[in-house]
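Engineer:
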Amino acid sequence: MKARATSLLATMLGMAFAGCGVLFAAVAIAATGRDAVLAFAVAATGILIVAGGLAYAARRVARGLGVLTKEAEGIRRLDLAGTPPTPGGAAEVDALADAMGGMKSALRLFSVYVPRDLVRKLMAEGAEAKLGGERRRLTVMFSDVQGFTTIAERMDPEELMHITSTYFQALTDTLLEQHATIDKYIGDAIMAIWNAPKRDLAHAMHGCRGALHAKHLTLQLEQEFAARGWPRLHTRFGVHSGDAVVGNVGSSDRMAYTAIGSMVNLASRLEGMNKMYGTQILVSESTRIGAGSGFVFRPVDLVLAKGAQDPLEVHELVGLSVASGPKEAALVADPALVARLPAWGEAIRRFRAGQFDRATEALREAGDPEHDPLIAAYAARIARYPDGPPRDWSPVTKLDSK
298 MKARATSLLA
308 TMLGMAFAGC
318 GVLFAAVAIA
328 ATGRDAVLAF
338 AVAATGILIV
348 AGGLAYAARR
358 VARGLGVLTK
368 EAEGIRRLDL
378 AGTPPTPGGA
388 AEVDALADAM
398 GGMKSALRLF
408 SVYVPRDLVR
418 KLMAEGAEAK
428 LGGERRRLTV
438 MFSDVQGFTT
448 IAERMDPEEL
458 MHITSTYFQA
468 LTDTLLEQHA
478 TIDKYIGDAI
488 MAIWNAPKRD
498 LAHAMHGCRG
508 ALHAKHLTLQ
518 LEQEFAARGW
528 PRLHTRFGVH
538 SGDAVVGNVG
548 SSDRMAYTAI
558 GSMVNLASRL
568 EGMNKMYGTQ
578 ILVSESTRIG
588 AGSGFVFRPV
598 DLVLAKGAQD
608 PLEVHELVGL
618 SVASGPKEAA
628 LVADPALVAR
638 LPAWGEAIRR
648 FRAGQFDRAT
658 EALREAGDPE
668 HDPLIAAYAA
678 RIARYPDGPP
688 RDWSPVTKLD
698 SK
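Just so we're aligned, residue 298 is where the sequence shown starts under this note's numbering, counting upward by one.
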């Protein structure tokens, strides 16, 4: 390496010595009293040799450094594709190109374990790699695959790894397109956050759009997987907005960027509640309000989570009110369901008031329990009390587990 590092210097010095030799010859001619014109010509030739040699070497170095400067800028942006081109010419510049190629290879390896998009966002926010965090209002989404444990028990581990990798890649790409930060993968689940590390005032809206896009994608994947003979990975989602502490947790030599707080646990519980109602996307009241008017929601229940003091209003995210483009046409809420929402709202109001007879009448107009699990769930609740609700009855559903 040391021998290579001196090659350019040796070349430049050689040219300089050659030019000096010509100059000395000119001086010698002049000293012997020979033709002054010849001496001037020889001296000028020496000067041109020195200048030309140095200019040539400088151009080679500048060209090579220009190539590597662009490559270094790409690395700063975490654009790690390919290997740096070899500038050619100066051995020192070529050696620097080789070292830069090794650095890109090492960074590519690390970027598999540390989300590249997260690092870009942290760099844009000027965040430092130190333990600690800040309180910030976030929207958090959890996804989970229905019956994944049973699926995993019946499959070869290598095949299961291939299937889940295909699933995660597609779902991750979709969520990133919707401004999400992938917090972590937990078995078959994904935790995604909005409004961190990059600021996003429309985080609730983007969280709802992300959930709808993810739902549509997973329904497509179910069909594609079934055609390949793979199991259908039916996915459920929970979305909640609230205050959390977001930042780096862990130790000084191993950190993880994540969000911590009760609101994160609540987002996870919302995902799990889908099993109770036969729904696919459940969101909290705070998310519904924050998302704005571009979505269609259906009230689901009043839920008191374990350890909480106040019940939480839970909604089903049905779809978009209108599509902003052709790609979102499939995300628009079913018009037939939207038309029945007033009857559904009446059924919910009567149920919470303990007026089960009136609630039953409204349920008949709200839809068919054979095709709508949520309606079937409420019909089953009312059927438990044929004589009406008991005196100590409450419309609030209490969750016994976290």
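Ideal Cβ positions, reconstructed from N, Cα and C, are used throughout, including at glycine.
Assuming residue 579 and residue 613 form a contact by the criterion Cβ under 8 Å, report the distance between their Cβ atoms to the nearest whole angstrom.
Structural biologist: Indeed, because the Cβ distance is near 6 Å, the residues count as touching under 8 Å.
Engineer: Taking the runs of the alpha helix (DSSP H) that are 4 residues or longer, which of them lie wholly in the segment 561-636?
Structural biologist: Here the runs fully enclosed are 582-588.
Engineer: Which class does residue 547 belong to by DSSP, given the choice of helix, strand or coil?
Structural biologist: Strand, per DSSP.
Engineer: Taking C-alpha atoms, which residue in 460, 478 and 552 lies nearest to residue 523?
Structural biologist: The residue with the shortest Cα to Cα distance from residue 523 is 460.
Engineer: Assuming residue 618 contacts residue 593 under a Cβ cut-off of 8 Å, what Cβ separation, rounded to an integer in Å, is found between them?
Structural biologist: The pair is a contact, with the Cβ atoms about 6 Å apart (cut-off 8 Å).
Engineer: Determine whether the beta carbon atoms of residue 537 and residue 469 lie at a separation below 9 Å.
Structural biologist: In this structure, residue 469 does not lie closer than 9 Å to residue 537 by Cβ.
Engineer: Taking its Cβ as the centre, do 16 or more other Cβ atoms sit within 10 Å of residue 498, making it buried, or is it exposed?
Structural biologist: Result: exposed.
Engineer: Using DSSP with H/G/I as helix, E/B as strand and the rest coil, what is residue 429?
Structural biologist: Three-state DSSP puts residue 429 in a strand.
Engineer: Using the Cα positions of residue 680 and residue 644, report the straight-line distance between them to the nearest angstrom.
Structural biologist: Spanning the two alpha carbons is a distance of roughly 14 Å.
Engineer: Relative to the C-alpha of residue 472, which candidate in 560, 511, 481 and 444 has its C-alpha closest?
Structural biologist: Selected option, being the one with the closest Cα: 511.
Engineer: Among 609, 588 and 694, which residue has its Cα nearest to the Cα of residue 500?
Structural biologist: It is 588.
Engineer: Sorted by chain position, which residues of the same chain lie with C-beta nearer than 8 Å to residue 513's C-beta, five sequence neighbours on each side aside?
Structural biologist: Closer than 8 Å at Cβ, skipping near neighbours: 627 and 628.
Engineer: Using the rule of at least 16 other Cβ atoms within 10 Å of the residue's Cβ for burial, across every protein chain shown, is residue 598 buried or exposed?
Structural biologist: It counts as buried.
Engineer: Compare the Cα-Cα distances from residue 465 to each of 685, 486, 552 and 575 and report the closest residue.
Structural biologist: Comparing Cα-Cα distances from residue 465 to each of 685, 486, 552 and 575, the minimum goes to 486.
Engineer: Based on the DSSP secondary-structure assignment, which residues constitute the bridge partners of residue 538?
Structural biologist: Residue 538 is bridged to 436.
Engineer: Could you tell me whether the segment 476-485 touches the segment 439-449, using the rule of 3 or more Cβ pairs below 8 Å?
Structural biologist: Contact between the segment 476-485 and the segment 439-449 is present, because at least three Cβ pairs lie under 8 Å.
Engineer: Where residue 432 and residue 569 are concerned, what is the direct C-alpha to C-alpha distance, given to the nearest angstrom?
Structural biologist: Answer to the nearest angstrom: the Cα atoms are 26 Å apart.
Engineer: CA-CA distance, residue 664 and residue 596?
Structural biologist: In a straight line, the C-alpha of residue 664 is about 14 Å away from that of residue 596.
Engineer: Could you check what DSSP says for residue 659 in three-state terms: helix, strand or coil?
Structural biologist: The answer is helix: DSSP assigns residue 659 an H, G or I state.
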